[in-house]
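Sequential numbering of the sequence shown, starting at 44, is according to the numbering used here.
Beta carbons are placed, not taken as given, at the ideal position from N, Cα and C, and that holds for glycine.
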Amino acid sequence: MEALGHHSGSVSYPLPRGPRVNLGCGPVMPKGWINVDGSRRAWLVAHAGGLDRLLVRLGLLRAAPFRPDIIHHDLRKPLPWARDSLAAIYAGEVWEHFEYEDARRLTEECHRVLMTGGVLRLCVPDGVEFWENYLAIFREQQAREPEARDVARLRRHVRMYFDDICTRPPGLKSFGHFHKWQYDEVQLVDLFMRCGFKDVSRQTFGVSRIPDIGILERSDFLIVEGVKR
44 MEALGHHSGS VSYPLPRGPR VNLGCGPVMP KGWINVDGSR RAWLVAHAGG LDRLLVRLGL
104 LRAAPFRPDI IHHDLRKPLP WARDSLAAIY AGEVWEHFEY EDARRLTEEC HRVLMTGGVL
164 RLCVPDGVEF WENYLAIFRE QQAREPEARD VARLRRHVRM YFDDICTRPP GLKSFGHFHK
224 WQYDEVQLVD LFMRCGFKDV SRQTFGVSRI PDIGILERSD FLIVEGVKR
């Protein structure tokens with residue numbers, strides 16, 4: 044697999060000329076990118092901007108984190124671009140909000156709409172880091188006498204897992220700001236490869252085949268990048 048190095052900045056790569064899409068953008072909406080979000084607030088801004096502004100003026104909603112040119116799209120559905128039409132796709136902290144099979148279909152969709160030479164880059168929370176932190180807390184407390192242990196630290200870490208990761212909220216609540224899968228490098232690289240991507244590998248924060256990735260990337264989590272060949 045092709046690695047890109049361990050320093051901040053872009054690398055020399057002949058990225059195709061074409062549109063670049065920022066999936067699940069949230070408030071990160073750089074110019075020069077097509078910014079897409081699937082939230083209900085993004086729908087309101089995209090389809091009823093006047094109503095959104097009125098609700099803000101009345102104090103019923105906070106100011107929207109989206110510009111009026113936001114594109115609302117449910118990422119569980121096929122992407123609204125033609126085959127071989129995009130140069131790059133970025134998604135920061137998005138894939139973990141889907142059930143694994145939904146994420147697989149979305150990754151296949153990204154492969155479909157990218158041009159030959161196009162790049163997909165994903166950033167997700169790293170399951171290995173989560174469990175390494177758990178084990179570190181556990182071993183620290185285990186080494187103490189039972190009456191001296193801070194069990195609450197372990198409970199907080201476990202609670203985080205069940206509140207934010209291992210959760211299946213019913214109905215409409217199941218689509219939103221809940222994690223439905225936990226990735227690690229092995230799983231995420233495998234997902235890329237199963238969906239047809241080549242030159243797949245873990246990458247360093249801010250180092251990418253996509254030249255201006257620094258205006259998008261906010262989290263130094265698990266980052267994987269692949270190319271459509």
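Around the C-beta of MET72, are 16 or more other C-beta atoms found within 10 angstroms, so that it is buried, or is it exposed? buried
Run the CB neighbour count on GLY102, radius 10 Å, all protein chains shown included, and call it buried at 16 or more, exposed below. exposed
Outcome for GLN246 when other beta-carbon atoms lying within 10 angstroms are tallied against a minimum of 16: buried
Quick one: Cα of TYR133 to Cα of GLY75, how far? The alpha-carbon of TYR133 is positioned some 13 Å away from that of GLY75.
What are the uninterrupted segments assigned as alpha helix (DSSP H) that are 4 or more residues long and contained completely in the stretch 180-251, given in chain order? Listed in chain order, they are 194-207 and 228-237.
Just to confirm before moving on: does the CB-CB distance between LEU118 and VAL156 stay below 8 Å? Their beta carbons are not under 8 Å apart, which means LEU118 does not touch VAL156 by this criterion.
Where ASP112 sits in the DSSP three-state scheme: ASP112: coil per DSSP, three-state reduction.
From VAL270 to GLN225, what distance separates their C-alpha atoms? 23 Å
From the DSSP output, in three-state form, read off LEU104 for me. In the structure shown, LEU104 sits in coil (DSSP, three-state: anything other than H, G, I, E or B).
If we ignore side chains and look at the alpha-carbon of each, how far apart do SER217 and VAL194 end up? Bear in mind that a pLDDT of 44 at SER217, under 50, signals an unreliable position, so the number given afterwards is only what the model happens to contain. Their backbone Cα atoms lie some 31 Å apart in a straight line.
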